[in-house]
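Note that our numbering has the sequence shown beginning at 42, numbered continuously upward. Using N, Cα and C, we set each Cβ at its ideal position, and we do this for glycine too. Bear in mind that the values here come from a model prediction, so they are computed numbers and not experimental data.
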Amino acid sequence: MNTTDILTVNQLLGRLVYFHVLFIDPALPTSWTPPPSTTCCHHDRREPQPPTRIDLRATPWAALTQINDSLGGGACRENDSDRCCPACRIHACAAAVADCWIVTEHHAYCDDPLIHDDTRRAWSDTVADRITPVFSRLYQTPCARSANAHTASQPPAGQFPLTGELAALWSETSRATPVISWLNHCAGLGDIAHRLRQRSPL
42 MNTTDILTVN QLLGRLVYFH VLFIDPALPT SWTPPPSTTC CHHDRREPQP PTRIDLRATP
102 WAALTQINDS LGGGACREND SDRCCPACRI HACAAAVADC WIVTEHHAYC DDPLIHDDTR
162 RAWSDTVADR ITPVFSRLYQ TPCARSANAH TASQPPAGQF PLTGELAALW SETSRATPVI
222 SWLNHCAGLG DIAHRLRQRS PL
């Protein structure tokens, strides 16, 4: 990645933090629970290889892990940070963030019945599958699991504009221009709901 790409990634991380802190976190339903912890790709192996050591706390990606921690989300169920895959940790954090965004957006302005858990988890994994390879390329941390990821369906942007934009922006991080979106003019989920109602056919 060149300097411009790195700046773009940092801007996208900042945008994620902005929307989470000001829009999602205040409206997160108390009934939401984070996705269950999984085992990272290094601990999945019979003879795990030592992973690339990255102090995430010293990188801009600490923002993502801090949000995950505030949500009570887990990472690797082995709880062995010295031997865990850092890319798998980013994937777990991104999936937890996406999951709470989907639930919060649905609760705020969707009239449809509750989303099936399997569908919601698949959407969350899709968002995480978009974010994790960016981290892996930036820090040159190969991850067996993310390398074999198969992107599934994603939340429809017309119903989940914040989560839909999150998935779209991270699938194309080579853009060097600021993100121009109608979401920039919203001050909260109420504004988004109002805009969605205006767009809906009578």
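Inset, instruction - Check whether the Cβ atoms of Thr-80 and Cys-117 lie closer than 8 Å to each other. - result: Position 39 of the sequence shown holds residue 80. Position 76 of the sequence shown holds residue 117. It is a contact, given that the beta carbons lie within the stated cut-off.
Inset, instruction - Output the boundary residues of the alpha helix (DSSP H) element that contains Phe-64. - result: Stepping through the sequence shown from its first residue, residue 64 is reached at position 23. Note, Phe-64: premise wrong, no alpha helix (DSSP H); not H, not E.
Legend entry - Three-way DSSP call (helix, strand, coil) for Thr-79 in this model: What you label residue 79 is simply residue 38 of the sequence shown in a count that begins at 1. The answer is strand: DSSP assigns Thr-79 an E or B state.
Inset, instruction - Mind the definition here: the segment 54-68 touches the segment 194-207 only if three or more C-beta pairs lie below 8 Å; say whether that holds. - result: yes
Legend entry - the segment 165-172 contacting the segment 107-116, beta-carbon criterion three pairs below 8 Å: By the Cβ criterion, the segment 165-172 is not in contact with the segment 107-116, since fewer than three pairs of Cβ atoms, one from each stretch, lie closer than 8 Å.
Inset, instruction - Take Pro-77 as the anchor and find which of Ala-133, Thr-71 and Arg-124 has the nearest alpha-carbon. - result: Indexing the sequence shown from 1 puts residue 77 at position 36. If we check each option's Cα against that of Pro-77, Ala-133 comes out closest.
Legend entry - Simplified DSSP state of Cys-126, which is helix, strand or coil: Translated into the one-based positions of the sequence shown, residue 126 becomes position 85. Three-state DSSP puts Cys-126 in coil, outside helix and strand.
Legend entry - Cβ-based neighbour list, Trp-73, same chain, cut-off 7 Å, excluding 5 preceding and 5 following: To locate residue 73, count along the sequence shown from 1; it is residue 32. Within the same chain, Trp-73 has close Cβ partners Cys-141 and Val-144.
Legend entry - Where the alpha helix (DSSP H) containing Leu-230 begins and where it ends: Sequence index remark: in the sequence shown, residue 230 carries index 189 (1-based). Going by DSSP, Leu-230 is part of the alpha helix (DSSP H) stretching over 230-240.
Inset, instruction - Under the assumption that Gly-114 contacts Ala-137 (Cβ atoms under 8 Å), give the Cβ distance between them as a whole number of angstroms. - result: The sequence position of residue 114 within the sequence shown is 73, counting from 1. The sequence position of residue 137 within the sequence shown is 96, counting from 1. 4 Å between Cβ atoms; contact.
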